[in-house]
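Take any residue in the sequence shown, count from 1 to its spot, add 13: that is its number in our numbering.
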Amino acid sequence: MNLQWTSNVNLSAYHTIWCLNHFPDRELTDSSELLQAAVDLQNLVEDIQTPPLRFWDQLFTLSATVDYSGALAERLSQRIGLSSKLHTTRLAAELNNCRRQFERVVPNYATEILLRTGPLRQMWDGHGAGLLRQIVLLTEEQLLVADAQVVLVQPVLGGMGYAHLTTNRIHLEGLLTHAAPQLPESLRIAWLLSQLDLERPVYSELINALRLRSVAGLAMLPVVLAAGQELELCQSSPQLLRQAIELWYVDTLQIDAATISAIVSTWWETCQSSRPAWKTALTGLDQMLQG
Numbered sequence: 014m015n016l017q018w019t020s021n022v023n024l025s026a027y028h029t030i031w032c033l034n035h036f037p038d039r040e041l042t043d044s045s046e047l048l049q050a051a052v053d054l055q056n057l058v059e060d061i062q063t064p065p066l067r068f069w070d071q072l073f074t075l076s077a078t079v080d081y082s083g084a085l086a087e088r089l090s091q092r093i094g095l096s097s098k099l100h101t102t103r104l105a106a107e108l109n110n111c112r113r114q115f116e117r118v119v120p121n122y123a124t125e126i127l128l129r130t131g132p133l134r135q136m137w138d139g140h141g142a143g144l145l146r147q148i149v150l151l152t153e154e155q156l157l158v159a160d161a162q163v164v165l166v167q168p169v170l171g172g173m174g175y176a177h178l179t180t181n182r183i184h185l186e187g188l189l190t191h192a193a194p195q196l197p198e199s200l201r202i203a204w205l206l207s208q209l210d211l212e213r214p215v216y217s218e219l220i221n222a223l224r225l226r227s228v229a230g231l232a233m234l235p236v237v238l239a240a241g242q243e244l245e246l247c248q249s250s251p252q253l254l255r256q257a258i259e260l261w262y263v264d265t266l267q268i269d270a271a272t273i274s275a276i277v278s279t280w281w282e283t284c285q286s287s288r289p290a291w292k293t294a295l296t297g298l299d300q301m302l303q304g
């Protein structure tokens, strides 16, 4: 897989805001202005009555390529079907304030993120190709994309990452070392990259679009851990699977970690014994998750 490593202040700002809104019980910043900007944007998302998952997915996708908040608001409004000019104007103002407050809190982002790129690239260069090859052997030859972009953002949650399924891009927090020795960051990167082609209809046509990200993320977890075990990077087990779910902030569709890890472990054991087509495997996991 050919990777382009880069950074983006716009995406980093909205990633930070996303973290503040999704984990309000954690002390993630001491800046009241940045916290208020996060609350204001979240209130707007509720006012425009668009599915939050869709809003944030489109914001992440667009913010990596559209810099000016006015243009970003216009493009985002089109993507989510927002027809009110008043809401679009308000959206532009909120987006601009989020970025402005982020840059105030992290004034040296551009310099710091460059320093954080080196260690992660070294981790990946050491094991990335081997991990991807093992993933293919465990799934299907055509599962992985040929090219992808890795965008590093400011650390907030200790390595949180996001797969942009429609753009062959991932973003993740630029850590200087592993968040947990038993789960090297190269595994997290491989996990994110392995999801990028799963939005193709050949894999996803039978899965609800609003569930696909969760199903894809859960499905690739045991695959990546098994690949890591082959390279002696980790020991694949239900216990480590549960730890990865918690450490990597995997969306579990509001199912508790113990239950979800048991479901995914059972599903993966079945996959290993029967080796179904990956489309069939994904659909089967989705059905198991729905009970």
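Every residue, glycine too, gets a C-beta built ideally from N, C-alpha and C.
Cα-Cα, which of the options is closest to residue i?
i    : options                   : result
Q91  : D38, N109, Q71 and L108   : Q71
W18  : L127, T74 and Q242        : L127
P194 : L185, G172 and T180       : G172
R134 : E259, L165, Y262 and T152 : L165
T180 : V163, V169 and L196       : V163
L95  : P251, D53, P64 and N110   : P64
W261 : L185, R213 and V228       : L185
V215 : S286, T293, S44 and Q242  : T293
A204 : T190, V52, W137 and D43   : First, the amino acid is wrong: residue 204 is Trp here, not Ala. Here the closest residue by C-alpha is W137.
I328 : F115, R146, N109 and V58  : An answer regarding residue 328 cannot be provided, because it is not within the stretch 14 to 304 covered by the chain.
A86  : A142, Y27 and T42         : Y27
L151 : E282, Q300 and I183       : E282
Q147 : D38, L246, Q300 and F68   : L246
R226 : A257, H177 and R182       : H177
D38  : L223, K98, L170 and V118  : L170
H140 : W280, E243, H35 and L157  : E243
E212 : I202, A105 and A229       : A229
Within 10 angstroms of the Cβ of residue i, are there 16 or more other Cβ atoms? Answer buried if so, exposed if not.
i    : result
Y81  : exposed
N21  : buried
N121 : exposed
G241 : buried
Q55  : buried
E198 : buried
T265 : buried
C190 : The amino acid occupying residue 190 in the given sequence is Thr; Cys does not appear at that position. T190 should be labelled exposed.
P11  : Outside the modelled stretch of the chain, which goes from 14 to 304, sits residue 11, for which no answer is possible.
T102 : exposed
D160 : exposed
N15  : exposed
E154 : exposed
Provide the residue(s) that pair with residue i in DSSP beta bridges, ordered along the chain.
i    : result
N15  : D160
E186 : V166
L127 : Its beta-bridge partners do not exist; DSSP assigns none.
A193 : L196
Within the continuous alpha helix (DSSP H) that includes residue i, where are the two ends?
i    : result
H100 : K98 to V118
A84  : S82 to I93
Y175 : Here Y175 belongs to no alpha helix (DSSP H); instead the beta strand (DSSP E) covers G174 to H177.
S44  : First-last for S44: undefined, no H or E at that position.
N34  : V22 to H35
T180 : Element bounds for T180: n/a, residue is neither H nor E.
P65  : P65 to S76
Going residue by residue through the region 199-237, where are the continuous alpha helix (DSSP H) segments of at least 4 residues, counting only ones entirely within it? 214-217
At 4 residues or longer, what runs of the alpha helix (DSSP H) sit wholly inside the region 242-295? Whole alpha helix (DSSP H) segments, 4+ residues: 251-260 and 270-287.
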